[in-house]
Every structure is written in C-alpha cells, then in structure tokens.
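Below: one structure, written as structure tokens.
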Amino acid sequence: MESVDSAEAPPVEALQSVFHLHETRRDGDRILYYGESLVPERMLVREVWPVFRRAGYEVQVTSTASGREDVIVARPVSEGVEGVPWKNVGLFLATVVSTMLVGALTWYYIPLSEVMANPLVVLRAWPFTAAVLGVLATHELGHYVVGRYHGVDISLPYLIPFVFPFGTLGAIIQMRGQMPDREALFDIGVAGPLAGLVATVIVTAVGLSLPPMTIPSWAVQEGGEVIVFNNPPLLNIIAEILGRPTEYTDPTVTVHPVIIGGWVGMFFTVLNLLPVGQLDGGHIVRAMVGEAQERVAAFVPLVLFGLSGYLYYGLGNNLSESVGLWAFWGLFSTVIAFKGPADPIDESPIGPARMALGLLTFALGALCFLLVPIEVMTV
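In the UniProt record's numbering, the protein residues as written are 1 to 379.
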C-alpha cells in the first residue's frame with residue numbers, strides 16, 4: 001500500500017466529528033482511512049457518505065484483522081460495464097441452449113431421438129426461448145437501468161440455465177453499491193416487476209394471436225399424467241380482450257408455446273413481489289414503510305405455509321397440486337428473511353406518488369396469483 005497525499009483523497013472534513021483519523025493509505029483504486037469511529041457504524045456511513053459521494057466515491061466501514069482500528073474504505077463509483085462481461089455472456093448463451101432444448105422436447109413435442117439425430121432441430125423452439133428470456137431479461141434490465149440512473153453499482157443480469165419445465169430458473173442481478181435513499185430503493189425495486197409485466201402482457205398477447213399447436217398422437221395417451229399450468233387472472237383477462245381461447249376441447253390441439261413465456265413472467269412476478277429479503281417485494285416494502293418491513297416479512301413464511309396447509313388439509317390436494325410449491329417457498333422465504341433488503345443511507349420517506357405506484361404494483365401482482373398454479377392431472 002502507498003501513502004496518500006491529502007490533496008489526492010476525497011475531502012475528509014466530514015470525518016472530524018465522527019471519526020478519529022490515524023492514517024490514510026491507498027490500495028489500488030481504493031483509499032483506506034484507519035482510525036477510531038466515534039459513533040455507531042450506520043451513523044458513521046450516513047454522516048460521511050454525502051461528502052464522499054460528491055467526490056465520486058462509495059464508502060463502507062470495516063475493521064482491521066486485529067479489530068483494534070476501524071477502517072473507512074472509499075472506492076470510485078462504478079461508471080458502468082468495463083470490458084466484455086464474459087460471465088453474463090456465458091450464462092446467457094447457456095440459458096439460450098437450455099431453454100431451446102427444453103422447449104423443443106417439452107413444448108414443441110420433438111422426440112429426443114430426433115434431437116439426437118439432428119441437434120439443429122431444436123431451433124424450431126426459438127419463439128419459446130425468445131418469449132421466456134425476453135420476459136426475464138426485461139425484468140432484470142428494468143432494475144439495471146433504474147439502478148444506473150440513481151448511480152447505484154448494479155450488475156448486468158445473470159441468467160440461470162436449468163432443465164424442465166422452462167429451461168431456466170430465472171435471472172438475478174447484484175446490487176454492489178450502497179443505496180442512497182428510500183426513493184432510489186423504491187425505484188429500483190419497482191422497475192423490474194413493472195418492466196417485466198409490460199413484456200409479459202406483450203408476449204402473452206403475441207402467443208394468443210399465434211395459431212395453436214397440434215400435439216402428435218404419441219404424446220396423447222389416455223391414463224397418463226400431465227402437468228397442467230393453470231391460467232392466472234391476468235392471462236384470462238388478456239385472452240378475453242383479444243377474444244382468443246386459452247384451451248381447446250380437442251386433446252390434440254394446444255395453445256402456442258409462446259404463451260408459456262407470458263405464464264412464466266406472471267409466475268415469477270408473484271414470487272418476486274413477496275415482501276421478504278432481497279426479493280423485489282422486500283425492497284419495495286422497505287422503501288414504503290421503512291424498518292417496519294421486518295414485521296411484514298415475518299408473516300410471509302406463515303402465510304405461505306398456511307397456503308400449503310390449506311391446500312393439503314382443507315382441499316385435500318397432494319404435493320403435486322402446489323402443496324409442495326408453497327411449502328418450499330415458505331421454507332425459502334424463512335431462509336432469505338435473515339438477509340433483509342438494502343438499507344438506504346437516507347431514511348426520508350417516499351412521497352404519495354411512489355406509495356400509490358407501490359400499491360398498484362402489488363395489485364398487478366395479485367392478478368398474476370393463483371392458489372394452484374401447477375398441478376398434475378390424469379388424462
């Protein structure tokens with residue numbers, strides 16, 4: 001490490017009342033301030049953040065390995081993507097392959113033997129891939145664009161390849177920078193679901209407008225089991241407006257696979273809007289009600305376990321009829337609740353316009369909810 005000339009460092013006047021400075025050193029592009037904090041860590045960050053931010057630096061507080069000194073770490077604010085984001089590109093390409101393969105086998109009814117003989121046949125499923133990835137990527141890019149607008153260091157989306165039934169587990173982003181205020185937290189949190197819902201409506205409308213698919217005879221077997229993806233209210237509303245069917249009496253005819261992209265968008269919107277942890281709903285509610293979000297989050301696992309119990313004991317559903325789905329998310333929400341949403345530096349309340357937009361977002365999310373979204377039925 002090198003010593004830092006005070007002229008090269010961000011202004012340190014703001015430290016005087018909250019931090020007893022011993023030494024300033026440079027470590028690469030970071031500047032480290034060693035000393036003793038005179039106030040709790042959260043208050044220290046709130047006091048020094050505005051000055052460092054104006055100088056173009058993010059700050060965080062840590063301590064030395066011995067614990068004898070506190071350290072304020074200042075690093076330049078990220079200006080965006082530097083170089084080719086190979087990890088993002090690699091995951092994107094892998095997810096294109098996985099969704100196209102799963103789409104071909106599951107939704108376009110192309111036999112595995114045909115895929116093995118001619119792998120390029122999976123290209124027939126490109127509309128399915130475009131629909132699913134378009135919805136998911138639009139959701140995450142909504143977060144990214146608004147995060148950059150607010151000057152928050154946020155990553156490009158990481159798509160996650162998977163297997164049945166959609167070929168992906170969705171996408172995630174990483175918020176690496178600090179959240180300046182509750183307005184920024186709200187805007188970033190709400191941007192993803194709203195952008196994703198716009199893409200979802202468009203994809204659903206396109207899918208409903210496309211001609212239905214013919215199911216090959218080998219795929220229609222009496223006495224077999226099929227997985228049914230039930231229609232959320234929003235999907236039925238769009239179909240009603242367009243005057244298009246969502247199912248057919250003829251078992252050899254089904255809707256176009258592009259509609260599945262819309263279904264995926266609605267399903268992930270519901271899950272993302274759960275007001276717990278690092279999910280979008282957690283960020284939105286944290287921005288709307290402040291630290292009271294923790295009390296809201298505490299009820300989420302109880303509600304999800306309650307849904308699972310109601311389906312099992314009240315309606316007599318089995319694990320394959322969404323009992324297991326809500327039980328899993330009850331367990332998952334319990335785990336992620338321990339790492340709450342981002343804490344904004346400025347806790348000033350958001351205005352009534354954002355409060356109304358937040359309520360509207362949850363109302364739109366409710367139109368995507370189904371008590372039994374997935375079930376296994378015998379045909």
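Note that the Cβ used here is the ideal one computed from N, Cα and C, for glycine as well. Values in this document were obtained by computation on a predicted structure and should not be read as measured data.
- Where D27 is concerned, the enclosing beta strand (DSSP E) starts and stops at 19–27.
- Around the beta carbon of Q16, fewer than 16 other beta carbons lie within 10 angstroms, which makes this residue exposed.
- For P161, the three-state secondary structure derived from DSSP is strand.
- Here the alpha carbon of H256 sits roughly 27 Å from the alpha carbon of P157.
- Spanning the alpha carbons of L21 and G35 requires a straight line of approximately 4 Å.
- Scanning its chain for C-beta atoms nearer than 8 Å, with the 5 sequence neighbours on each side dropped, one finds around P275 the residues G281, G282, I284, V285, Q293, V296, A297, V300, in chain order.
- Taking C-beta atoms as the reference points, L242 and A205 count as a pair closer than 8 Å.
- The three-state secondary structure of P76, taken from DSSP, is strand.
- Measuring C-alpha to C-alpha distances from L169 to each of S320, F92, I31, V376 identifies F92 as the nearest.
- Per DSSP, the beta bridge partners of S37 are F19.
- A Cβ-Cβ contact shorter than 8 Å links A195 with L141.
- With the rule of 3 Cβ pairs closer than 8 Å, the stretch 48–66 does not count as touching the stretch 90–110.
- Residue pairing for E375: DSSP places it in a beta bridge opposite V228.
- Residue pairing for D70: DSSP places it in a beta bridge opposite G35, S63.
- I173 carries a coil assignment under DSSP once its states are collapsed to helix, strand and coil.
- As the crow flies, the alpha-carbon of N318 is around 12 Å from that of W326.
- Per DSSP, reduced to three states, the secondary structure at T99 is helical.
- Between L367 and P251, the C-beta gap is not smaller than 8 Å, which leaves the two residues out of contact.
- When C-alpha distances from L136 are compared across A199, R148, A74, the shortest belongs to A199.
- About 35 Å separates the beta carbons of V372 and E291, which is beyond the 8 Å limit, so they are not a contact pair.
- Its chain contains H143, Y144, G147, R148, I173, Q174, M175, R176, G177, I188 as the residues whose beta carbon lies nearer than 8 Å to that of I154, once the 5 sequence neighbours on both sides are disregarded; these appear in chain order.
- The C-beta distance from M179 to P344 rounds to 4 Å, short enough to meet the 8 Å contact threshold.
- In this structure V121 is in contact with I110, their Cβ atoms being roughly 6 Å apart against a cut-off of 8 Å.
- Beta-bridge annotation (DSSP): D346 is paired with D181.
- In the structure shown, the three-state DSSP call for V84 is coil.
- For G340, the closest alpha carbon among the candidates Q278, L357, A353 is that of Q278.
- If you ignore the 5 residues before and after W263, its C-beta comes within less than 6 Å of the C-beta of F229, all in its own chain and listed in chain order.
- Buried is the label assigned to V132, since at least 16 other Cβ atoms lie within 10 Å of its Cβ.
- Non-local C-beta neighbours of I350 in its own chain, meaning closer than 7 Å and more than five positions away in sequence, comprise R182, E183, F186, A287, M288, ordered along the chain.
- Assignment of T252 by DSSP, reduced to helix, strand and coil, places it in the coil class.
- Sequence-distant partners of L357 (beyond 5 residues in either direction) whose C-beta falls short of 7 Å from its own C-beta, in its chain, are V190.
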